[in-house]
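Q:
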Amino acid sequence: MKISVIGSGYVGLVTGACFAELGNTVICVDNDKTKVKKLKSGIMPIYEPGLSELVRRNVRKGRLFFTTDIKEAVRKSEIIFIAVGTPPRDNGEADLSSVEHVSREIALSMTSYKLVIEKSTVPVNTGEWVERTIKIFNKRRVKFDVASNPEFLREGTAIEDFMNPDRVVLGVSSKKAADILRTLYGPLNAPILVTDIKSAEIIKHAANSFLAMKISFINAISNICDRLNADVAEVAKGIGLDKRIGDKFLNAGLGFGGFCFPKDLAAFIRISEKAGYDFGLLKEVEKINESQKLALIRKIEGITWNLPGKTVGILGLSFKPDTDDLRYAPALDIITMLRQQGVKIKVYDPIAMGKARRILKKSVKFCRDAYDTVKDCDCLVIATEWSEFKELDLKKVKRLMKQPAMVDGRNIYEPAEVKKLGFTYTGMGRR
Numbered sequence: 000m001k002i003s004v005i006g007s008g009y010v011g012l013v014t015g016a017c018f019a020e021l022g023n024t025v026i027c028v029d030n031d032k033t034k035v036k037k038l039k040s041g042i043m044p045i046y047e048p049g050l051s052e053l054v055r056r057n058v059r060k061g062r063l064f065f066t067t068d069i070k071e072a073v074r075k076s077e078i079i080f081i082a083v084g085t086p087p088r089d090n091g092e093a094d095l096s097s098v099e100h101v102s103r104e105i106a107l108s109m110t111s112y113k114l115v116i117e118k119s120t121v122p123v124n125t126g127e128w129v130e131r132t133i134k135i136f137n138k139r140r141v142k143f144d145v146a147s148n149p150e151f152l153r154e155g156t157a158i159e160d161f162m163n164p165d166r167v168v169l170g171v172s173s174k175k176a177a178d179i180l181r182t183l184y185g186p187l188n189a190p191i192l193v194t195d196i197k198s199a200e201i202i203k204h205a206a207n208s209f210l211a212m213k214i215s216f217i218n219a220i221s222n223i224c225d226r227l228n229a230d231v232a233e234v235a236k237g238i239g240l241d242k243r244i245g246d247k248f249l250n251a252g253l254g255f256g257g258f259c260f261p262k263d264l265a266a267f268i269r270i271s272e273k274a275g276y277d278f279g280l281l282k283e284v285e286k287i288n289e290s291q292k293l294a295l296i297r298k299i300e301g302i303t304w305n306l307p308g309k310t311v312g313i314l315g316l317s318f319k320p321d322t323d324d325l326r327y328a329p330a331l332d333i334i335t336m337l338r339q340q341g342v343k344i345k346v347y348d349p350i351a352m353g354k355a356r357r358i359l360k361k362s363v364k365f366c367r368d369a370y371d372t373v374k375d376c377d378c379l380v381i382a383t384e385w386s387e388f389k390e391l392d393l394k395k396v397k398r399l400m401k402q403p404a405m406v407d408g409r410n411i412y413e414p415a416e417v418k419k420l421g422f423t424y425t426g427m428g429r430r
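Start counting the sequence shown at 0; every next residue gets the next number (my numbering).
Structure representation (structure tokens):
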């Protein structure tokens, strides 16, 4: 099938490359000329395991193309995915300016039937606005359909998530659109839910909000465990064995980050308010998530005494392992709070150092590896659960530190084992 994906960010690039891998002809469009030039040369703008190889293979086989020309892409494709950014406004609402602009450009460029699909995470009723915009600027009166096909890709496992999805959600308003999308996703042999467009739009926000709620719930439990000398890891295991609950997203820590959960949570709260419903539960989810960062600062102070003048080593900057995404990363907020209290900061991340240098600049010391980071530190903070941090030689870490104090913000170590080595150790809700 002939496909265009407009927007070549985390979602658009993975989506385009994966559809090409399934044998389709895909044109990825982006208005960033530098990004398109790099993509044509095989240089990825993001880190995602396996993506570079996937893109290069499909470019080589003549199935995947990159361009800044949206008109050409629209005219050569029957299926058009809108995967542009929908950043949050100050009030939490999604900024849909790019979605509107792309809808208008599609309308002006159409010369034959098109199926226009929302792939970006958008609030309910966006499909109606996309359809209305295309109708207004569709001067040739070309037939088209609008559909919603929310993505459920996790950074770090996005290709696997695309190729082996838990489900594919298709929000449609015509049988033709449903048939086209069923055919497109047929090779994945995945469960397909066909619904109306508004329900599909809500499914995405509801799913991310529910997962964020699970994270905040176990983080709230971790605070109770801290106060009552219980172990959140054991509590999580105990409740996770209940099949109705499950053990996914029950890992206590610094809270969620990245672009999806914080943005979608805020947007869903705002969507609910505009619909006349006060979604207080989700407001509390946000509140708990923010409080985890403050809890970690208190833990650092609790094991190092006075913070001013101290040196703290931060291991991990990305919001999760296997990605270089720093958007809403808890580590960045923690660094800001520590610097405000006169703390010297040393940092290391296996992948995100390049992006971090552009954000943090000279406010911290960037180190070559984990051991360089901990040298002469008063406290070590684990902020991202990268696998290599779990394999550190802790005896060496202890020798290098000014004082062996550790705050394990991701609970990657067993407290008893670390304390046995002579560390002053605290995790998030660990006994």
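C-beta atoms are modelled at their ideal positions from N, C-alpha and C, and glycine is treated no differently.
Here the structure is a predicted model, which is why all the values come from computation and not from measurement.
Which residue's Cα is closest to the Cα of Y347: E300, R338 and A382?
A: Considering only alpha carbons, the answer is A382.
Q: Compute the distance between the beta-carbons of A146 and G170, then report whether it is under 8 Å.
A: Against a cut-off of 8 Å, the Cβ pair of G170 and A146 comes out as a contact.
Q: How many Å lie between S51 and G341 at the Cα?
A: Computed Cα separation, rounded: 41 Å.
Q: Is E154 helix, strand or coil when you go by DSSP?
A: Of the three classes helix, strand and coil, the one that applies to E154 here is coil, per DSSP.
Q: Drop a sphere of 10 angstroms on the beta-carbon of N57, count the other beta-carbons inside from all chains shown, and report buried for 16 or more, exposed for fewer.
A: The residue in question, N57, is buried, as its Cβ has 16 or more Cβ neighbours within 10 Å.
Q: Between which two residues does the alpha helix (DSSP H) carrying C259 extend?
A: Looking at the DSSP string, the run of the alpha helix (DSSP H) that includes C259 is C259 to K273.
Q: If I measure Cβ to Cβ from G155 and keep anything under 8 Å in the same chain, skipping five residues before and after, which residues do I get?
A: If we look at G155 and ignore the five residues flanking it on each side, its Cβ neighbours are E47, P48, K319, P320, D321 and T322.
Q: Name the DSSP bridge partner or partners of P87?
A: According to DSSP, P87 bridges with A93.
Q: Using the three-state DSSP reduction, which class does M427 fall into: helix, strand or coil?
A: Reduced to three states, the DSSP call for M427 is coil.
Q: Does T383 come out as helix, strand or coil in the three-state DSSP assignment?
A: Three-state result, T383: coil.
Q: Between L187 and M162, is the Cβ-Cβ spacing less than 8 Å?
A: In this structure, M162 lies closer than 8 Å to L187 by Cβ.
Q: Using alpha carbons as the reference points, say which of L391, L264, T335 and Y370 lies closest to L295.
A: Of the listed residues, the one whose Cα sits closest to L295 is T335.
Q: Look at T120 and P164 and say whether their C-beta atoms are less than 8 Å apart.
A: Contact: no.
Q: Compare the beta carbon distance of L21 and E77 with 8 Å and say whether it is the shorter of the two.
A: No, the Cβ-Cβ distance between L21 and E77 is not below 8 Å.
Q: Taking the beta strand (DSSP E) that S215 falls in, what are its first and last residues?
A: Taken as a continuous stretch (DSSP letters only), S215 belongs to no beta strand (DSSP E), being part of the alpha helix (DSSP H) at I196 to L227.
Q: Measure the alpha-carbon distance for R430 versus N222 and round it to whole angstroms.
A: Near 11 Å, if we compare the C-alpha coordinates of N222 and R430.
Q: Looking at A229: is its Cβ nearer than 8 Å to the Cβ of I217?
A: No, these two residues do not count as a Cβ contact at 8 Å.
Q: How would you call Y327, buried or exposed, if buried means at least 16 neighbouring beta carbons within 10 angstroms?
A: It is buried - the Cβ of Y327 has at least 16 other Cβ atoms within 10 Å.
Q: What number of angstroms, rounded off, separates the C-alpha of S317 from the C-alpha of A351?
A: Looking at the two C-alpha atoms, the distance is approximately 6 Å.
Q: Just to confirm the assignment: which complete beta strand (DSSP E) runs, minimum length 3, are found wholly within the segment 128-175?
A: Counting only runs of 3 or more, we get 143-147 and 167-170.
Q: Enumerate in chain order the residues of its own chain whose CB-to-CB distance from Y9 is below 8 Å, with the five nearest sequence positions on each side excluded.
A: If we look at Y9 and ignore the five residues flanking it on each side, its Cβ neighbours are I45, E47, L152, E154, A157, F258 and D324.
Q: Mapping the DSSP letters down to three states, classify I334 as helix, strand or coil.
A: Helix at I334.
Q: Mind the definition here: the segment 254-270 touches the segment 86-106 only if three or more C-beta pairs lie below 8 Å; say whether that holds.
A: Yes, since at least three Cβ pairs between the segment 254-270 and the segment 86-106 fall closer than 8 Å, the two stretches touch.
Q: Per DSSP, which residues does R404 bridge with? Please list them.
A: Checking the sequence shown, residue 404 turns out to be Ala, not Arg. Partner(s): T423.
Q: Pull up the distance between the alpha-carbon of V417 and that of L393, whole angstroms please.
A: About 8 Å.
Q: Kindly indicate the opening and closing residues of the alpha helix (DSSP H) around E289.
A: Where E289 is concerned, the enclosing alpha helix (DSSP H) stretches over G279 to T303.
Q: Excluding five sequence neighbours on each side, which residues of the same chain lie with their C-beta closer than 6 Å to the C-beta of T194?
A: G170, listed in sequence order.
Q: Relative to the alpha-carbon of R338, which residue among G308, C366, I358 and L314 has its alpha-carbon at the smallest distance?
A: The shortest C-alpha separation from R338 is found at G308.
Q: Give me, in chain order, the residues of the same chain whose beta-carbon lies closer than 6 Å to that of S102; leave out the 5 immediate sequence neighbours on both sides.
A: Excluding residues within five positions, the ones whose Cβ falls inside 6 Å are V129, T132 and I133.
Q: Could you please give the first and the last residue of the uninterrupted alpha helix (DSSP H) stretch that includes S317?
A: Counting along the chain, S317 falls outside any alpha helix (DSSP H), and DSSP gives it neither H nor E.
Q: Express the C-alpha separation of E384 and E390 in angstroms, rounding to a whole number.
A: Going from the Cα of E390 to the Cα of E384 covers about 11 Å.
Q: Measure from the alpha carbon of L183 to the alpha carbon of each residue in L227, R55, S198 and C17, then state which is nearest.
A: Closest option to L183, Cα to Cα, is C17.
Q: The beta strand (DSSP E) with T66 in it runs from where to where?
A: Per DSSP, T66 belongs to the beta strand (DSSP E) from L63 to T66.
Q: What residue range is occupied by the uninterrupted beta strand (DSSP E) comprising Y347?
A: Its beta strand (DSSP E) spans residues K343 to Y347.
Q: Please classify E117: does DSSP put it in a helix, a strand, or coil?
A: Reduced to three states, the DSSP call for E117 is strand.
Q: Please check the pair K118 and T24, which I expect to be a contact at CB under 8 Å, by giving their CB distance rounded to whole angstroms.
A: The pair is not a contact, with the Cβ atoms about 18 Å apart (cut-off 8 Å).
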